[in-house]
Structure formats: C-alpha cells, structure tokens
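The structure under discussion appears below in the form of structure tokens.
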Amino acid sequence: MAQVKAKYLKDYRAPDHTITQVDLSFVLDGANTQVTAVSQVRRVNDTAKTLVLDGESLTVSQLLVNGQAHEYREVEGQLHLDTDLASFELTIVTQLDPQANLALEGLYMSDGAYCTQCEAEGFRRITYFLDRPDVLAVYSVRIEADKAAFPYLLSNGNRVDSGDLGNGRHFVCWQDPFPKPAYLFALVAGDFDLLSDSFTTKSGREVALQVFVDKGNLHKAHHAMLSLKKSMAWDESRFDLEYDLDIYMIVAVDFFNMGAMENKGLNVFNTKYVLADKDSATDEDYHGIESVVGHEYFHNWTGNRVTCRDWFQLSLKEGLTVFRDQEFSSDMGSRAVNRIHAIKVIKNQQFAEDSGPMAHAIRPDSVIEMNNFYTVTVYNKGAEVIRMMHTLLGEQGFQAGMKCYFERHDGQAVTCDDFVAAMEDASGVDLSQFRRWYSQSGTPELTILEAYDADKQAYRLTVSQHTPATPDQSEKLPLHIPLDLELIASDGRSLLSQVFSVTETEQELVFSEMAERPVPSLLQNFSAPVRLKFDYSVEQLIHLMRYASSEVAKWEASAALFSQAVWGNVEHLKAQQSMYVDPRLVDAVKGLLLDEALDKALLAEVLNFPSLNTLVEQVGQVDLDALAAAREFLIEEIASGCEDELVARYRELASQDDAGARALKNACLTLLLQMSDAHQVLAQRQYEQANNMTDSLGALAALNQEASQLRDSLLSDFQQKWADTPLVMDKWLTLHACCPGEDRVTALRELTLHSAFSFSNPNRVRSLIGAFAAANPLSFHQPDGSGYRFLTEAIIKLNTLNPQVAARIITPLIQFKKFDEQRQKLMRAALEEILALPDLSKDLYEKVSKALA
Ligand code: ARG
Ligand code: ZN
Numbered sequence: 001m002a003q004v005k006a007k008y009l010k011d012y013r014a015p016d017h018t019i020t021q022v023d024l025s026f027v028l029d030g031a032n033t034q035v036t037a038v039s040q041v042r043r044v045n046d047t048a049k050t051l052v053l054d055g056e057s058l059t060v061s062q063l064l065v066n067g068q069a070h071e072y073r074e075v076e077g078q079l080h081l082d083t084d085l086a087s088f089e090l091t092i093v094t095q096l097d098p099q100a101n102l103a104l105e106g107l108y109m110s111d112g113a114y115c116t117q118c119e120a121e122g123f124r125r126i127t128y129f130l131d132r133p134d135v136l137a138v139y140s141v142r143i144e145a146d147k148a149a150f151p152y153l154l155s156n157g158n159r160v161d162s163g164d165l166g167n168g169r170h171f172v173c174w175q176d177p178f179p180k181p182a183y184l185f186a187l188v189a190g191d192f193d194l195l196s197d198s199f200t201t202k203s204g205r206e207v208a209l210q211v212f213v214d215k216g217n218l219h220k221a222h223h224a225m226l227s228l229k230k231s232m233a234w235d236e237s238r239f240d241l242e243y244d245l246d247i248y249m250i251v252a253v254d255f256f257n258m259g260a261m262e263n264k265g266l267n268v269f270n271t272k273y274v275l276a277d278k279d280s281a282t283d284e285d286y287h288g289i290e291s292v293v294g295h296e297y298f299h300n301w302t303g304n305r306v307t308c309r310d311w312f313q314l315s316l317k318e319g320l321t322v323f324r325d326q327e328f329s330s331d332m333g334s335r336a337v338n339r340i341h342a343i344k345v346i347k348n349q350q351f352a353e354d355s356g357p358m359a360h361a362i363r364p365d366s367v368i369e370m371n372n373f374y375t376v377t378v379y380n381k382g383a384e385v386i387r388m389m390h391t392l393l394g395e396q397g398f399q400a401g402m403k404c405y406f407e408r409h410d411g412q413a414v415t416c417d418d419f420v421a422a423m424e425d426a427s428g429v430d431l432s433q434f435r436r437w438y439s440q441s442g443t444p445e446l447t448i449l450e451a452y453d454a455d456k457q458a459y460r461l462t463v464s465q466h467t468p469a470t471p472d473q474s475e476k477l478p479l480h481i482p483l484d485l486e487l488i489a490s491d492g493r494s495l496l497s498q499v500f501s502v503t504e505t506e507q508e509l510v511f512s513e514m515a516e517r518p519v520p521s522l523l524q525n526f527s528a529p530v531r532l533k534f535d536y537s538v539e540q541l542i543h544l545m546r547y548a549s550s551e552v553a554k555w556e557a558s559a560a561l562f563s564q565a566v567w568g569n570v571e572h573l574k575a576q577q578s579m580y581v582d583p584r585l586v587d588a589v590k591g592l593l594l595d596e597a598l599d600k601a602l603l604a605e606v607l608n609f610p611s612l613n614t615l616v617e618q619v620g621q622v623d624l625d626a627l628a629a630a631r632e633f634l635i636e637e638i639a640s641g642c643e644d645e646l647v648a649r650y651r652e653l654a655s656q657d658d659a660g661a662r663a664l665k666n667a668c669l670t671l672l673l674q675m676s677d678a679h680q681v682l683a684q685r686q687y688e689q690a691n692n693m694t695d696s697l698g699a700l701a702a703l704n705q706e707a708s709q710l711r712d713s714l715l716s717d718f719q720q721k722w723a724d725t726p727l728v729m730d731k732w733l734t735l736h737a738c739c740p741g742e743d744r745v746t747a748l749r750e751l752t753l754h755s756a757f758s759f760s761n762p763n764r765v766r767s768l769i770g771a772f773a774a775a776n777p778l779s780f781h782q783p784d785g786s787g788y789r790f791l792t793e794a795i796i797k798l799n800t801l802n803p804q805v806a807a808r809i810i811t812p813l814i815q816f817k818k819f820d821e822q823r824q825k826l827m828r829a830a831l832e833e834i835l836a837l838p839d840l841s842k843d844l845y846e847k848v849s850k851a852l853a
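Under the UniProt record's numbering, the sequence shown has 257 at position 257, and the numbering climbs by one with no breaks.
Dropping the structure here:
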C-alpha cells in the first residue's frame, strides 16, 4: 500500500519557496521523452533551508543549481534540496515513458498523440516542481518531435517560434504571458484535422479559434466551434468578461479520464464533448457539448485568472463555473428544463453522496486523494450554493460581487471565503451565517407544517431545519436557507411569490388577509439543496401541476405525486395487499398530455417518471424489489389509462423536427412499450425510419426495457452499422449494460471481450461497467451478488491500470447502507476483497476504507 496520509485544510501553510518563471523543453521520442525544466526559484520564507519539490514516478538524469551540480535527496513523492539562497535557477532533467502511462495523468499517449492532464496533481509526473495552485509562474515551452508523425506541437499561450531541425524533426516554442499554477499547463503533439475560425471580442481584438480532432472527423467539430463562439459572446454580455489571449485551442482526445480540462489557451477535451453530427449524436450529446465547451471557456476567468489557493478550495472555481455554465445553457435554451436537469443531479447523485461514506462539505476538511473530490458535491452542490447567493443578492448584486471579486483578486490564488467576502462587500448582504454552506456537509431537511385560521384569515407555515449527522461531521448548525415560495388560491390565482430567509432551527411565516387556505408551492425552483418535507395531499399536488407559475414547480409536483403513489403501494405490498392507482393521478397525466400549450420538453420530463435511483434516494432504508414492483405497476397503470392520448401524441410528433418534440415522442414511446408489446411495431418503425441518432436511440432505449427478439435484432443491426464509431458503440454498450434481467452479468462479461470494449479507455469502461452499476440497479443488486462480483473484478483490474476511473465507478458499491442485510453483507465482502489488494491505489483506499469504517 502506498502512502495513505490524509491532508487537512487546517494545516495549510503558504509555500516556503515560489517559482516565478519556468522554461520547459520536451524532446518527444517514442517511449523515451526527455523533459528539461529551468525554474527561477525564489525563497519567500527567510528561514527556509530546504527546497521541497513534488514528483511522482520520475527518473532524474541531471540537477543543477545556478548551472552547478547540486546534491538532493529523493524521498517518496518528493525531492529535497538544501540551500539558503534567496533566489536561484534550478535545472532538472527527467526521463518519462508516456506510452506506459495508462493512468492518463501527467504526459501520456492517446491513440498516437501525446497529451497531458495535470489537474489536480499531474504536473509532478512531468517534472519535480512546486505542484500546488498557489505557486504561479510564467511558462515558456519548447517542444521537439518527429515532424511527419507529430505535425502539430501545441502548448499554452502564443506560438513564438518554430523551425525544422533536419532528420525529419521539428520544434515549436510557446509563451504564455499569464502566470499560472502548474495544473493549467498543457502540451499536445499529434496529427489532427483542424477546424479554424475567429472571434472578435467586444473591445475589437481578434482571437483565432482552433478545434483539433482526429483525422476524418472534421465534419463533427462544427457544433463545438459554434458553442465556443456562443460562450465567448455570452460571457461578454452577461458577465462583461472578455477573452485575454490571441488564440484559443481545443483538442479532442479519445483517452481522457474526465469531461474536459481548461488549460490556459489549450483546452483538452474528451471526444465525447466535441464530436457530433446528426447521424451519430443525440440531442442530449449536442447539449452536453455546448455546456462543457462553455464550462471550460468560462474557467478562463473563474479558475485561471483567479485560481484556488489550495485544492480544498476546488469549489471556488468549479461550483462557480458550473453555475456559469448552467446559466449559459439556460440563456441559450429552456431555463426550466435546464433547471430540472440540475435538480435531478442533486436529488439523485448528490443526496446519495451525502448519505454515503464519502459525505463531504463543498469545501472538504480532509483529503487523501484529490482526484476523489471532483464530485457532485464540490461541483453541483457547489453551484447550488452560488445560485443561493444569486437568489439572495439578485442578478445586480451578484454581478457587483463578481466585479469586486475580479478587481480584488485578478492574478491571485484565493479561497472560497475571499469570494463570499467580495459578494458580501459589493452587495451589503450579510452572508456570515450563509458561509456555513461551505464547511457543513450533509443534506439539510426542511420540514414545513401548515395551519389555516379561518376566523383570522391567517395562514401560517412553521418551518424547521435539521441536518442529520454525516460520517465526517457529527455536529450540524442551522443554515441560511433561501425559501422561495408561492401561495396559490383555489381558482389558481397567484396570491404571493417571495423569497424568505430561513435562518433559525424553527421559525414561523404568517400570511394575513388570506380569505381561504392557499396551496403553497414550496422551495420553488429548488431554491436550496435541501430535502423538503411537507405533507402534500393529492389535491394540492394536482392544483400545483395545474396552476403553479413556475414550470419547474409543475414538474416537481408531478414527480411528488408519482413518488407518493409509489411509496403508498410499497406499503400495500408489505401488508400483502394489492396495489392501487388513484384515478386522479392518471387524469392529471392525461390532462397534461392533452395540453397542447405545455412545452414539449417539459412534458417529456414529467413523463420520465422518477427513476428507481431517484426513489431509492428518498428513503433511509429500501426494499428494492418491492419498490421496483410498485414503480412498474404505476407506470403500466398510467400508460394504459392514457394509452389513446399517448398514441395520438406520439403520431402527431412523429414528423416534427425539433429536440423538444423528439424528447416527448420518445417519452411517450417508452411508456407505451412498458405497457404492452403490441406497441413494439412503433419502435421498429421509428428505428427503421430514423434520420438522426436521437430517434434511433430513443427506439432502442424504449425496446431495451425488456428482453425481446426485436430488441436483439435491432441492437445487432445497430452494432454492425456503427462498428467503426467508438462514441456510438459506447451507446450500444450502455444499452446492454442497462437492459433488465437476472443474467445480465453473463452477457456483460462476454462484452468485456468484445472489440468495442477496452479496459484502457475510460469512455468504454464508463459506458459498460459504470453504467451497469449506476443505472441498472435491479441487475446490479441481484440477490446472488453477481452484479457486485462483476464490478469488483473490473475494479481490481483497473486498480493498477487506471486508479482514477476505478475509484469513480465504485460509487454504487460503497453506498450500501440503504439495502437489506443480505445485500449489505455481499457488498461489504466485495469491499473487503478490494481493501486487501497488495497494491491498492490511494484513490480506492480512501473510498473503500471509509465505506468499511
Ligand atoms: N477542471 C476540470 C473541469 O472541471 C476537471 C479536471 C479534473 N480532472 C481530474 N483528473 N481530476 O473542467
Ligand atoms: Zn470545471
């Protein structure tokens, strides 16, 4: 077992030395790459006598201080060099083997191209360095390689020199004028197709835009380019932020651990978030590209110009940048539907993280492996925390806060507190209690009781908050919770819509002059990432579905109505009574289906009823089998009750060519097929006539709910058609992973041997194994433990191959507390086996040891 020491936020110390300038020279030559780093080191703590540098798996061939050989010690993960010079030049030459780097951190090869991933702590795999975000240096980079195989040699900033070296080799030099932390360094060398364009900033500077993709994929780069130009224009109009270099490059690579990376001037992207055309990418893929291209672009200010002091502050850049990309998507498309998607991520995944062994605050207190903290908590709950400040300050106050933040901190590495202070100072809003959102983990429960006094015409809400203890933190304090609510009259009139600040453990809101008991729409727009506990009646929820001003509230009400009905039936099953569907629920859905004025994408969201995972998240303990039976029963009842309307709506939508219509059509199809095989022919026709991936995949996904001959034959047709397009084969792998059935694992084991699958490519692993564990709960949780075994075998393989990916796909296995005793036993046994591995990675150690604690 490697070092397993946790680091603590409370132990943060400013560095003893800093590096102001670094000149890097790369000689790229197959498995043998030479890196020369010449750093200008300055001592900042006068008493420091040793320079301590970070480094991992490095071979040093030379080390010089001011041009003279100097003694040093290599300690595990660090290099110590004794000196009391106040400033000096440090030269280190290291040798690397990028071909052997399957962990995809540092310098590695993706399908014949060299590329880097340095966030969070990957730069230390390239050279010994002060690999911490509060050391900001100016970089110049020289890259030398074979010219035919690597015609493009890229790095951050501006290209300042290039030339031929004879022998078929060439070089390019880059200079980045903006000081940056090492995690924003990037290098790419390869042969690509290049899509070029330009953007003129509002102050009139012209910026060259370049998207590099694998040869033959140029036609799939246009949407990414368009998204980039939209992002640049949007950041100018909404945030008054302009791009600052003369060139912006995006490179798409096949082998990538995450979505994308915001390296200064040279973003590296997973191909999944660049490549798209109508035949091969779904509407969802298009949307994902727009949002990730935006996200990385927005980092140029929130992350790069102002960066993090230390990695505990990750949410400073990620929460804020997710908030910004969500706002971008909402301004480009449907605000309500974007909000619904964001809410689902919190309720399904973030709440699950909070109630599992890895619960942490958006600014964690302690970390073993930083890569484990690129989480839905830091990113998505972090974005909710920013959104709450936006709600409390309003757009104007928030923008004033942003302006103040940049005025104070441009060019610095700062903390989450610095951000909140800027918001507070610019707006005059007191955020002292609000700051607890940064340090407190767990999901707050907001319980609301209503009372109506007809004599006094007074309506009263009693609001109390409580955050259950989490493994990392037992004491919880009351939070400052913005509660957005609307009161609606029986005739549907809106009586009031307002944001209240809940700050006490318990407090009352009293509304006078209420001539009748209103229906409350609570926590509108999900105004805080909390679990709302309010005992809504069926009538109230139906009233909200009809009259709530907010479309998000209508969706929330429909989901709550469905969830309540599911849990009611789970109780019936437990009592051995037969299940029951309230005809009002069916009528409410029918009413929406008949409402031609309702936004189609929104209706599609309503018809995609809460998933099994969503429902599991609503309770502390779950009987998975009863839950699945109840959910299926209800969907079948609703679908058969609305069959005519679903068929009519499906037919009417079939010929419409927009994303909303496609989403609704596929939602109708899914319900119809769940209800009866007789509708299979609709899916078959849709698949055969499809002229876009959304329709093809929609048909397959609808069929994939159940084993059938038609399903099998269309899946194999799909495979033959797309055998040469890995990103589409990923969809095929995921369909297999998500098909229900008891013997799934046998089929999936075979698929790991299929040419479309590979353990060394993270996209393949996520599509097959990750999707199975996370999105097919019934098969994953087979009572015989076969699902757990399959995941465990894969994790053991990935532990040495790619620890980051291994630690990511293990998530469903560590969240075992909700399941029955038998399943828990099997899951724990699997985790024990992983914990006992002789060469267990830090990544897995952190998660598994916490799960078993
Ligand atoms: N900063 C990147 C983003 O959010 C994520 C990169 C994280 N990579 C990692 N290996 N932990 O856009
Ligand atoms: Zn990010």
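C-beta atoms are modelled at their ideal positions from N, C-alpha and C, and glycine is treated no differently.
Item to check | Close beta carbons around Arg649, own chain, < 6 Å, minus the five adjacent residues each side | outcome: Answer for Arg649: Leu593, Cys668, listed in chain order.
Checklist entry - Would you say the beta carbon of His295 comes nearer than 7 Å to a heavy atom of the ligand ZN? => result yes
Next on the checklist: Contact between the stretch 310–323 and the stretch 574–589 is defined here as three or more beta-carbon pairs at a separation below 8 Å; is this criterion met?
Outcome noted: Touching, no.
Checklist entry - Glu445 bridges to which residues according to DSSP? => result Answer is His466, Arg531, bridged to Glu445.
Checklist entry - Pick from Leu573, Glu652, Gln621: whose alpha carbon is nearest that of Glu596? => result Glu652
Item to check | Cβ-based burial, Gln689 [other Cβ within 10 Å; buried from 16] | outcome: exposed
Checklist entry - Relative to the alpha-carbon of Phe269, which residue among Asn763, Ser779, Gly785 has its alpha-carbon at the smallest distance? => result Asn763
Checklist entry - What do you get for Lys842, buried or exposed, if any count of 16 or more other CB atoms within 10 angstroms of its CB means buried? => result Per the 10 Å Cβ criterion, buried.
Item to check | Distance CB(Asp77)-CB(Asp46) smaller than 8 Å | outcome: Before going on, a small fix: residue 77 reads as Gly here, not Asp. The answer is no: Cβ separation not under 8 Å.
Item to check | Cβ-Cβ distance between Leu837 and Asn802 below 8 Å | outcome: Cβ atoms of Leu837 and Asn802: not closer than 8 Å.
Checklist entry - Buried or exposed: which applies to Pro177, given that a residue is buried once 16 or more other Cβ atoms fall within 10 Å of its Cβ? => result exposed
Checklist entry - Rounded to a whole number of angstroms, what is the C-alpha to C-alpha distance between Leu510 and Thr462? => result The amino acid occupying residue 510 in the given sequence is Val; Leu does not appear at that position. Answer to the nearest angstrom: the Cα atoms are 9 Å apart.
Checklist entry - Does the Cβ of Glu318 lie closer than 7 Å to at least one heavy atom of the ligand FAD? => result In the structure on display, the ligand FAD does not appear, and the ligands it does have are the ligand ARG and the ligand ZN.
Checklist entry - Buried or exposed: Thr50, going by 16 or more other Cβ atoms within 10 Å of its Cβ? => result exposed
Next on the checklist: Quick check on the DSSP output: what are the complete alpha helix (DSSP H) runs of length 4 or more inside the stretch 767–794, in order along the chain?
Outcome noted: 771–775, 777–780
Checklist entry - Alpha carbon to alpha carbon, what distance is there between Ala383 and Gln350? => result 12 Å
Item to check | Where Cys173 sits in the DSSP three-state scheme | outcome: Here Cys173 sits in strand by DSSP.
Next on the checklist: Going residue by residue through the stretch 111–154, where are the continuous beta strand (DSSP E) segments of at least 3 residues, counting only ones entirely within it?
Outcome noted: 113–117, 137–146
Item to check | Close-in-space but distant-in-sequence residues of the same chain around Ala2 (CB under 6 Å, 5 per side omitted) | outcome: For Ala2, the pLDDT reaches just 48, beneath the cut-off of 50, and the residue's location in the model is therefore unreliable, leaving the point undetermined.
Next on the checklist: Taking the straight line between their C-alpha atoms, what separation do you get for Leu228 and Glu290?
Outcome noted: 8 Å
Item to check | residue 896 Cβ short of 7 Å to the ligand ARG heavy atom set | outcome: Residue coverage of the chain in this structure runs from 1 to 853, which leaves residue 896 outside it and unanswerable.
Next on the checklist: Can you tell me which residues form a DSSP beta bridge with Phe88?
Outcome noted: Val41
Checklist entry - What are the start and end residues of each continuous alpha helix (DSSP H) run of 4 or more residues lying completely inside the stretch 597–651, in chain order? => result 600–607, 612–616, 624–641
Checklist entry - Which ranges would you report for the beta strand (DSSP E) in the stretch 466–544 if only whole runs of at least 3 residues count? => result The qualifying runs are 481–488, 494–502, 506–511, 519–521, 531–533.
Checklist entry - Which whole-angstrom value describes the C-beta separation of Ala553 and Gln524, a residue pair presumed to lie in contact below a C-beta threshold of 8 Å? => result Between Ala553 and Gln524 the beta-carbon gap is near 5 Å, inside 8 Å, which marks them as a contact.
Next on the checklist: Less than 8 Å between the C-beta atoms of Asn613 and Pro777, yes or no?
Outcome noted: yes
Item to check | Contacts around Asp134, its chain only, beta-carbon distance under 6 Å, and the 5 residues preceding and following it disregarded | outcome: Arg309, Ala413
Item to check | Whole-angstrom distance between Gly122 and Val211, CA atom to CA atom | outcome: Distance between the alpha carbons of Val211 and Gly122: 24 Å.
Next on the checklist: Would you say the beta carbon of Thr375 is closer than 7 Å to some non-hydrogen atom of the ligand ZN?
Outcome noted: no
Next on the checklist: Just verifying my parser: in three-state terms, what is the DSSP assignment at residue 899?
Outcome noted: Because residue 899 is not part of the residues shown, which for the chain are 1 to 853, the question remains open.
Checklist entry - Helix, strand or coil: how does DSSP classify Gln34 here? => result strand
Item to check | Among Met388, Leu90, Asn761, Gln457, the one whose alpha carbon lies nearest that of Ile481 | outcome: Met388
Item to check | Buried versus exposed call for Lys665 [16 or more other C-beta atoms within 10 Å across all chains shown] | outcome: buried
Next on the checklist: When you measure from the CB of Glu327 to every non-hydrogen atom of the ligand ZN, does any distance come out below 7 Å?
Outcome noted: no
Item to check | Beta-carbon proximity of Phe255 to Asp111, cut-off 8 Å | outcome: yes
Checklist entry - Helix, strand or coil for Asn371 per DSSP? => result helix
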